[in-house]
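The opening position of the sequence shown corresponds to residue 34 in our numbering, with each subsequent residue numbered one higher.
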Amino acid sequence: MKSLNAQTRCLCGAVKITVDKINPEFTVCHCESCRVWSGAPYFAVQCGSAVKIEGQQKVTEYQSSSWASRGFCSDCGTHLFFKMHKSGEYNMPVGLFQHLEGLKMDMQYFSDQRPDYYCFSNETKEMTKAEIMDYFAADI
Ligand SMILES: [Zn+2]
Ligand SMILES: [Zn+2]
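Shown next as C-alpha cells:
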C-alpha cells in the first residue's frame, strides 16, 4: 500500500472520494459480474478501508454477493467501488484516479472466465475461480 491522499469524484461531481492508501499494483477481474457491471473487465485498485466519501446520499449500493457490495453514483452512474462487507475494504476502478504513480497490472482474477474476444499482453499473476474460492474462503 502506498500512502498518498488521492482525491477523485464521479462524472457529475455529486460524490467526492478521498483515499489515504492505494496499492498501485492493480487487479483485473474477468468474472461475469464484473464484466456486466463494468461493461468490460474490472480494473481495480485496492484502497483499504480508510476511505472518505462525501455526497454519500447520492451513493447507491447494490449487494452483488453475500460478501460484497458495488457502489455507484445515483445521478450520473459512475461506478465508485466494490466493498467487502467483512473487512470494510474498498476496491475502486483504477480509471477514477488520474495521477497515480507506479501503476502495474499485477493480477488477473477469474482467469478461467476470461472470454476469448480479448487478451492482455501484460505479464501478470492469475487465479482461477477455484483458486480464488479457496484463497478467500476464510474471508467470506
Ligand atoms: Zn455522479
Ligand atoms: Zn469480478
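All C-beta atoms, glycine included, are put in the ideal place defined by N, C-alpha and C.
Along the alpha helix (DSSP H) that carries residue i, what are the first and last residues, could you check?
i: Cys67; result: Glu65 to Ser71
Count the other CB atoms within 10 Å of the CB of residue i; is the residue buried (16 or more) or exposed (fewer)?
i: His132; result: exposed
i: Pro126; result: buried
i: Phe114; result: buried
i: Ala39; result: buried
i: Cys43; result: buried
i: Val52; result: buried
i: Asn77; result: Checking the sequence shown, residue 77 turns out to be Ala, not Asn. Buried, since its Cβ has 16 or more Cβ neighbours within 10 Å.
i: Gly128; result: exposed
What residue range is occupied by the uninterrupted beta strand (DSSP E) comprising residue i?
i: Ala163; result: Note, Ala163: premise wrong, no beta strand (DSSP E); alpha helix (DSSP H) at Lys162 to Phe169.
i: Phe115; result: His112 to Met117
i: Thr51; result: Lys49 to Cys62
i: Pro148; result: That residue, Pro148, is in no beta strand (DSSP E); it is neither H nor E in DSSP.
i: Ser154; result: Looking at the DSSP string, Ser154 is not in any beta strand (DSSP E), and its letter there is neither H nor E.
i: Gln79; result: Tyr75 to Gly81
i: Cys106; result: Ala101 to Cys106
Please look up how many angstroms separate the CB atoms of residue i and residue j, rounded, as I've assumed it's under 8 Å.
i: Trp100; j: Lys119; result: 7 Å
i: Thr93; j: Ser107; result: 4 Å
i: Thr60; j: Tyr168; result: In fact, because the Cβ distance is near 13 Å, the residues do not count as touching under 8 Å.
i: Leu136; j: Pro57; result: 5 Å
Determine whether the beta carbon atoms of residue i and residue j lie at a separation below 9 Å.
i: Gln79; j: Val48; result: no
i: Lys54; j: Gly81; result: yes
i: Met140; j: Glu122; result: no
i: Cys64; j: Lys162; result: yes
### Message
Residues around ligand 2, please: the condition is that the C-beta lies closer than 5 Å to some non-hydrogen atom of it.
### Response
Cys62, Cys64 and Cys67
### Closer than 6 Å: residues whose CB approaches a heavy atom of ligand 1
Cys43, Leu44, Cys45, Ala47, Val48, Cys106, Asp108, Cys109 and Thr111
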